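Read the structure below first, then the notes.
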Amino acid sequence: MSLFSRIIGQRAAKEQIRSLLRGRPRQVYLIAGPEGIGKRMFASAMAKTVLCANPDENGDCGICGPCRYFEAGTHPDYIRLSPQPAEKNIRVSQVRDKIVSDVHLFPQISGRKAYLIEADFLNEEGQNALLKTLEEPPESVIFLLTVTDTDKLLETIRSRSVTISLVPNTEDEILRILSEQTEADENEARMIASVSKGIPGSALRLTGDGSFSGIRETVSELLNDMPVIGYSELLSDRYSFFEDNKDRIGEVLTVFEMGLGDVAMLLFDPDRSSLRVVDKRDNIIRTIQREKISGGSVDRASAAVTAASRAIASNYSFESAVCTMLLSVHKEFQHG
Numbered sequence: 002m003s004l005f006s007r008i009i010g011q012r013a014a015k016e017q018i019r020s021l022l023r024g025r026p027r028q029v030y031l032i033a034g035p036e037g038i039g040k041r042m043f044a045s046a047m048a049k050t051v052l053c054a055n056p057d058e059n060g061d062c063g064i065c066g067p068c069r070y071f072e073a074g075t076h077p078d079y080i081r082l083s084p085q086p087a088e089k090n091i092r093v094s095q096v097r098d099k100i101v102s103d104v105h106l107f108p109q110i111s112g113r114k115a116y117l118i119e120a121d122f123l124n125e126e127g128q129n130a131l132l133k134t135l136e137e138p139p140e141s142v143i144f145l146l147t148v149t150d151t152d153k154l155l156e157t158i159r160s161r162s163v164t165i166s167l168v169p170n171t172e173d174e175i176l177r178i179l180s181e182q183t184e185a186d187e188n189e190a191r192m193i194a195s196v197s198k199g200i201p202g203s204a205l206r207l208t209g210d211g212s213f214s215g216i217r218e219t220v221s222e223l224l225n226d227m228p229v230i231g232y233s234e235l236l237s238d239r240y241s242f243f244e245d246n247k248d249r250i251g252e253v254l255t256v257f258e259m260g261l262g263d264v265a266m267l268l269f270d271p272d273r274s275s276l277r278v279v280d281k282r283d284n285i286i287r288t289i290q291r292e293k294i295s296g297g298s299v300d301r302a303s304a305a306v307t308a309a310s311r312a313i314a315s316n317y318s319f320e321s322a323v324c325t326m327l328l329s330v331h332k333e334f335q336h337g
C-alpha cells in the first residue's frame with residue numbers, strides 16, 4: 002500500500018498531485034493547511050512517490066529498494082529540515098549545511114532528491130538563505146515546504162511554488178481515522194470527531210487526553226444539575242470550571258453544545274441510547290418532563306452557547322460572556 006493510500010480524505014489535494022505528476026513535476030511545492038491536518042505526512046507521501054523506482058497514479062510502489070530505504074528512514078536522497086531540539090526556529094546554518102551545500106550533489110539511489118522543509122520554522126533570514134536555491138534548483142531536486150500560513154512566507158518564495166491546500170476532514174473521515182488508530186468507543190469517537198473540527202491531529206490528541214474525558218463528565222453533570230443550581234453556585238463554583246479551562250474554551254463550549262444536542266435528541270426520542278455527552282439519560286429525561294423543557298428552550302440555550310463562543314472570539318470579557326451564557330441556559334432549563 003502506498004503512503005498516499007494510507008492518508009484518509011484530502012481527495013482534491015491527491016488529485017492535484019496526480020495531475021502534476023502525470024506531466025513534468027514542478028520543483029517547489031507548498032503543502033499548506035491548519036496545524037494537525039497532516040501536512041508532514043502528505044509531504045512525505047509526495048517525497049516517497051518522487052523517489053520511488055516504480056510509482057503509479059496511486060503513489061509509491063512500496064516494494065522497490067528506494068521505498069524500503071524510505072520506510073526505514075535511511076534513504077540518502079530524502080532530507081528533512083526542522084528545528085533542532087529545544088529551538089524555536091531552523092537555524093540559517095542548517096539551511097546552508099543541509100540544503101544549500103547539498104543540493105548540487107547527485108542523487109545516490111533515486112533519480113531525484115527530495116527536501117522536506119518545515120517552513121513554519123523559517124524566519125525571514127532563513128527564508129532568504131533558501132531563496133537562491135529555490136530560484137535556480139537543479140532539475141533532479143524537488144522541494145516540499147509545509148506551512149500553516151503561506152502569507153508568512155516571502156512573496157518571492159510563494160511565486161515560485163505550487164500550493165497544495167489541505168482542508169479539514171469530514172466527520173466520517175475522522176471517525177475512520179480514530180477507528181484505525183485508537184480504541185475509542187463509538188460514542189467517544191463521535192464526540193471527539195465533532196470537537197476536533199476535522200483536524201486529525203486534534204482528534205488523536207483528544208483521544209489520549211484524560212482531561213478531555215473530565216470535561217465531558219463535568220458538562221454532563223452541569224446539564225443534569227442545571228434546573229436545581231442556585232445563582233450563587235452557578236456564577237461561582239460552576240463558572241470556575243470554565244475559567245479553569247480558559248485555554249481550551251473552544252473545546253469546552255463545543256462539548257456543551259453537543260450536550261444540549263443530546264438533550265434535544267432525548268426530547269424527541271426518549272428511548273435513544275446513543276448519546277455523545279450526557280451519561281445520565283434517565284435523569285435528563287426526568288428533567289425534561291418535570292421542567293417541561295421544549296425544543297425552543299434547547300434552541301435558545303444552544304444559541305446562548307454560540308453567542309458566548311463568538312463573544313470570546315471577539316475578545317469580549319470572558320467572565321461576562323460565560324456568565325451570560327450560564328444564566329441564559331439556566332433560565333431555559335427552568336420551566337422551559
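Under this note's numbering, the letters of the sequence shown match residues 2 to 337, in that order.
Positions of the beta carbon are idealized from the N, C-alpha and C atoms, including for glycine.
This structure is a prediction, so every number in the text was calculated from the model and none was measured.
Practice task
Write down the C-beta distance between V29 and L135 rounded to the nearest angstrom, noting that I regard them as a contact closer than 8 Å.
Solution key: Residue numbering aside, residue 29 sits at position 28 when the sequence shown is read from its first letter. Residue numbering aside, residue 135 sits at position 134 when the sequence shown is read from its first letter. 5 Å between Cβ atoms; contact.
Practice task
Look at the alpha carbon of R92 and the alpha carbon of P108, and state the distance between them as a whole number of angstroms.
Solution key: Counting from 1 along the sequence shown, the entry for residue 92 is found at position 91. Counting from 1 along the sequence shown, the entry for residue 108 is found at position 107. Each residue's alpha carbon lies about 25 Å from the other.
Exercise for the section: Please name the residue in I158, T149 and Y232 whose C-alpha comes closest to that of D121. Expected result: Residue 121 sits at position 120 when you count from the first residue of the sequence shown. Looking at the Cα atoms, T149 is the closest of the given residues.
Exercise for the section: Please check if any C-beta of chain D sits within less than 7 Å of the C-beta of L223. Expected result: Among the chains of the structure shown, chain D does not appear; only one protein chain is present.
Problem - Strand pairing of F144, partner residues [DSSP] - result: For the purposes of this step, residue 144 is taken as residue 143 along the sequence shown, with counting starting at 1. In the DSSP output, where bridge partners are listed per residue, F144 has V29 and Y116.
Practice task
Below 8 Å on the Cβ atoms is my guess for L261 versus S321; work out the distance and round it to an integer in Å.
Solution key: Along the sequence shown, read from residue 1 onward, the residue named residue 261 stands at position 260. Along the sequence shown, read from residue 1 onward, the residue named residue 321 stands at position 320. In fact, because the Cβ distance is near 21 Å, the residues do not count as touching under 8 Å.
Practice task
Taking all protein chains shown into account, decide if N316 is buried (16 or more other Cβ within 10 angstroms of its Cβ) or exposed.
Solution key: For this step, residue 316 is matched to residue 315 along the sequence shown. With fewer than 16 Cβ atoms within 10 Å of its Cβ, N316 is classed as exposed.
Exercise for the section: Compute the distance between the beta-carbons of I18 and L167, then report whether it is under 7 Å. Expected result: For this step, residue 18 is matched to residue 17 along the sequence shown. For this step, residue 167 is matched to residue 166 along the sequence shown. For I18 and L167, no; Cβs fall outside 7 Å.
Exercise for the section: Pull up the distance between the alpha-carbon of F213 and that of I178, whole angstroms please. Expected result: By one-based count along the sequence shown, residue 213 stands at place 212. By one-based count along the sequence shown, residue 178 stands at place 177. Going from the Cα of F213 to the Cα of I178 covers about 18 Å.
Exercise for the section: Let me know the secondary structure DSSP gives P79 once reduced to three states. Expected result: For this step, residue 79 is matched to residue 78 along the sequence shown. A quick correction: the sequence has Tyr, not Pro, at residue 79. The answer is strand: DSSP assigns Y79 an E or B state.
Practice task
Report yes if the C-beta distance between F257 and V220 is below 7 Å; otherwise report no.
Solution key: To locate residue 257, count along the sequence shown from 1; it is residue 256. To locate residue 220, count along the sequence shown from 1; it is residue 219. Contact flag set, yes.
Exercise for the section: Give every residue of the same chain whose Cβ lies closer than 7 Å to the Cβ of P228, excluding the five residues on either side of it in the sequence, and list them in chain order. Expected result: Mapped onto the sequence shown, residue 228 falls at position 227. Closer than 7 Å at Cβ, skipping near neighbours: T288, E292, F334 and Q335.
Problem - Residues near A305 in its chain [Cβ-Cβ closer than 7 Å; skip 5 each side] - result: Here the question's residue 305 lines up with position 304 in the sequence shown. Apart from sequence neighbours up to five positions away, the residues of its chain that approach A305 with a beta-carbon distance below 7 Å are M326, S329 and V330, ordered along the chain.
Handout entry: Integer-rounded CB distance, given that R159 should sit under 8 Å from M192
Key = Your numbering for residue 192 matches position 191 in the sequence shown. Your numbering for residue 159 matches position 158 in the sequence shown. Actually they are not in contact, since the Cβ atoms of M192 and R159 sit about 38 Å apart, beyond 8 Å.
Exercise for the section: Using the Cα positions of F43 and I32, report the straight-line distance between them to the nearest angstrom. Expected result: Sequence index remark: in the sequence shown, residue 43 carries index 42 (1-based). Sequence index remark: in the sequence shown, residue 32 carries index 31 (1-based). Distance between the alpha carbons of F43 and I32 is about 8 Å.
Exercise for the section: Taking only the alpha-carbon atoms, compute the straight-line gap between F243 and I175 and give it to the nearest angstrom. Expected result: Translated into positions along the sequence shown, residue 243 becomes position 242. Translated into positions along the sequence shown, residue 175 becomes position 174. If you take the alpha carbons of F243 and I175, they lie about 27 Å apart.
Problem - Cβ contact (3+ pairs, closer than 8 Å) linking the segment 197-212 and the segment 264-280 - result: no
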